[in-house]
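Notes follow the structure.
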Amino acid sequence: MKAVVVGAGLAGLAAAYRLQKAGWEVVVLEAAAEIGGRTRTFRKDGYLLERGATQLSTGYRAYLKLADEIGLGGQIAECANTVMLMRGGQLYEIDGTRPIAALFSKALSFRSKLRMIRGIRDYLRYRPKDVLDVSEAWRADTETAEAYCERRLNREIFDVLVDPLIRTYTINRGANVSALEWFSGLANLAGQRMLALRGGIGSFPAALAAMLDVRLSTPVSQVRRDRGGVLVTLEDGETISADGCVIATPLPQAAAMAPELAEAVGPLDACLKYNRAVNVYLGYRRRTLTDALGVMVPTAEHPHIGLVWFDHNKLSETAPDGHSLITCYFEEGGLNDLQGCDDAVFGKMADDFVTRLFPELAGQLDMVEVVRWRAAIPNPAPGIYTQINRMKYLLSPSDAIQLAGDYFTCTGQNSAIHWGEVAAANLIGNIPA
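What the sequence shown shows, in this note's numbering, is residues 10 to 442, in sequence order.
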């Protein structure tokens, strides 16, 4: 049996690995010149920078299982679990493994703590039973998180808890994101401990790719069904016949590549938008006085920066001894205000914000790097999960063309591996030899 996998991100590489383990002959075709998709690690001036998602947790079961299989289990390290809430310019530490701890924080008034009882009831009613398939809870996908808070909670809860958590998960503000993402974010966090991969997140796709036949700089123009299998056409005109294909690309590319799936995929493709983002990496010649992992920033506190992450508190190897490495994530909701700004503007804005919160770092900056994303991750606006649920039931598990993208559920390294493995299992279980 032969399979073609389109895309060498975590979803595509996980699918290829499972197919190869099942005895299939597999080739992975990647349009870019590098593997990993948005999961890449690079170095600058002695700092180790993560280009994409930076954090793991004990809830990443698919990720951790596969890491053990390919010999990376020993590189998983535990991190601090403290995160900071922000209100009125003040920082309040909470234990990130216990979201309920926020109810005892001074960041919330007593009145809001009482109102959160209603929020807990809603969470128990609407939370997704499986965070790897959030669309199953589509009935809660009817309004923005901001509208939900105005209807059921209050503005303070939105500003201090709901909006910053959503900015952390989606790189967009709660005014633009479905209320279901709030319930999903809580379900993802509850009771989990924070983890990191020594050597950087890029070492995971590198380890998978080393076991596979991966062809870089090989864009695909079309995938179609052909005599019980598939015919994959490359942009240079070459064709590859196979028994099955996994398309593990962002949705716009997948929809254009496989027009035969238009009935299932078209409605979601027509309404799904991808959030832009700008990551600003700051290196400082001294350590922060806090051991926290980061600050979740409400829109009310900063209109552009949604998250400040202390990578040196995640893994000491990310920064030289005695130094700090901090990443500021500029989110979609505020980027229209910054169109045309060069990297120096983003760097100064990030440094100004960080040193205002942590004055011990003032005058200690020794490294700045800026990474821009034209399309970072899908934005789960109200109605998106409803469309995902519809699409999921229109796609056939017995089809020779399987999809494994970042649009099936909340985006992350764990969900990428999960949906890649689901696509592979569909081919293995349903395509006869």
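Positions of the beta carbon are idealized from the N, C-alpha and C atoms, including for glycine.
Which whole-angstrom value is the C-beta distance of residue i and residue j, which I expect to be below 8 Å?
{"i": "residue 38", "j": "residue 327", "result": "That pair is no contact at about 32 Å."}
{"i": "residue 14", "j": "residue 255", "result": "5 Å"}
{"i": "residue 186", "j": "residue 146", "result": "With a Cβ gap of about 15 Å, residue 186 and residue 146 do not count as contacting."}
{"i": "residue 302", "j": "residue 106", "result": "No, residue 302 and residue 106 are not in contact; Cβ-Cβ is about 11 Å, not under 8 Å."}
{"i": "residue 48", "j": "residue 210", "result": "5 Å"}
{"i": "residue 212", "j": "residue 221", "result": "Actually they are not in contact, since the Cβ atoms of residue 212 and residue 221 sit about 15 Å apart, beyond 8 Å."}
{"i": "residue 172", "j": "residue 394", "result": "Contact doesn't hold; Cβ gap of about 19 Å is too wide."}
{"i": "residue 370", "j": "residue 100", "result": "That pair is no contact at about 14 Å."}
{"i": "residue 166", "j": "residue 128", "result": "7 Å"}
{"i": "residue 140", "j": "residue 419", "result": "7 Å"}
{"i": "residue 336", "j": "residue 320", "result": "6 Å"}
{"i": "residue 188", "j": "residue 421", "result": "Between residue 421 and residue 188 the Cβ distance is about 19 Å, and since that is not below 8 Å, they are no contact."}
{"i": "residue 359", "j": "residue 289", "result": "4 Å"}
{"i": "residue 267", "j": "residue 440", "result": "About 16 Å separates the two Cβ atoms, so there is no contact after all."}
{"i": "residue 233", "j": "residue 269", "result": "6 Å"}
{"i": "residue 228", "j": "residue 243", "result": "7 Å"}
{"i": "residue 399", "j": "residue 276", "result": "7 Å"}
{"i": "residue 163", "j": "residue 121", "result": "6 Å"}
DSSP three-state label for residue i, please.
{"i": "residue 176", "result": "helix"}
{"i": "residue 104", "result": "strand"}
{"i": "residue 276", "result": "helix"}
{"i": "residue 95", "result": "strand"}
{"i": "residue 111", "result": "helix"}
{"i": "residue 87", "result": "strand"}
{"i": "residue 7", "result": "No information on residue 7 is available, as it lies outside the stretch 10 to 442 that the chain covers here."}
{"i": "residue 69", "result": "coil"}
{"i": "residue 138", "result": "coil"}
{"i": "residue 116", "result": "coil"}
{"i": "residue 368", "result": "helix"}
{"i": "residue 416", "result": "coil"}
{"i": "residue 163", "result": "coil"}
{"i": "residue 158", "result": "helix"}
{"i": "residue 440", "result": "coil"}
{"i": "residue 64", "result": "coil"}
{"i": "residue 395", "result": "helix"}
{"i": "residue 426", "result": "helix"}
{"i": "residue 351", "result": "coil"}
{"i": "residue 126", "result": "helix"}
{"i": "residue 121", "result": "helix"}
{"i": "residue 82", "result": "helix"}
{"i": "residue 405", "result": "coil"}
{"i": "residue 298", "result": "coil"}
When DSSP builds the beta bridges, which residues end up paired with residue i?
{"i": "residue 51", "result": "58"}
{"i": "residue 411", "result": "255"}
{"i": "residue 284", "result": "386"}
{"i": "residue 270", "result": "Bridge partners of residue 270: none, in fact."}
{"i": "residue 304", "result": "93, 317"}
{"i": "residue 153", "result": "187"}
{"i": "residue 381", "result": "287"}
{"i": "residue 293", "result": "333, 374"}
{"i": "residue 357", "result": "DSSP lists no partner for residue 357."}
{"i": "residue 11", "result": "34"}
Who are the Cβ neighbours of residue i in its own chain at under 6 Å, not counting the five residues just before and after it?
{"i": "residue 425", "result": "19, 20"}
{"i": "residue 384", "result": "283"}
{"i": "residue 322", "result": "89, 300, 302"}
{"i": "residue 264", "result": "274, 278"}
{"i": "residue 226", "result": "42"}
{"i": "residue 343", "result": "312, 313"}
{"i": "residue 329", "result": "55"}
Starting from the C-beta of residue i, find all residues in its chain whose C-beta is less than 7 Å away, skip the five residues before and the five after it, and write them out in chain order.
{"i": "residue 24", "result": "14, 255, 257, 413, 429, 430, 432, 433"}
{"i": "residue 294", "result": "332, 373, 375"}
{"i": "residue 71", "result": "423, 426, 427, 430"}
{"i": "residue 223", "result": "17, 37, 39, 44"}
{"i": "residue 307", "result": "95, 168, 169, 172, 173"}
{"i": "residue 202", "result": "66, 67, 87, 90, 106"}
{"i": "residue 75", "result": "23, 426"}
{"i": "residue 378", "result": "53, 58, 290"}
Below 8 Å CB to CB, which residues in the same chain sit around residue i once its five sequence neighbours on both sides are set aside?
{"i": "residue 195", "result": "108, 132, 136, 174"}
{"i": "residue 138", "result": "145, 146"}
{"i": "residue 110", "result": "103, 104"}
{"i": "residue 435", "result": "406, 407, 408, 411"}
{"i": "residue 84", "result": "76, 206, 207, 208, 212"}
{"i": "residue 192", "result": "131, 132, 135, 136, 137, 146, 149"}
### Complete beta strand (DSSP E) runs within the stretch 193-268 (minimum length 3 residues, chain order)
203-206, 229-235, 238-243, 248-251, 253-256
### Length at least 3, wholly inside the stretch 307-348: the beta strand (DSSP E) runs in chain order
314-319, 333-340
#### Entry: beta strand (DSSP E) runs contained entirely in the stretch 13-52, provided each spans 3 or more residues
34-38
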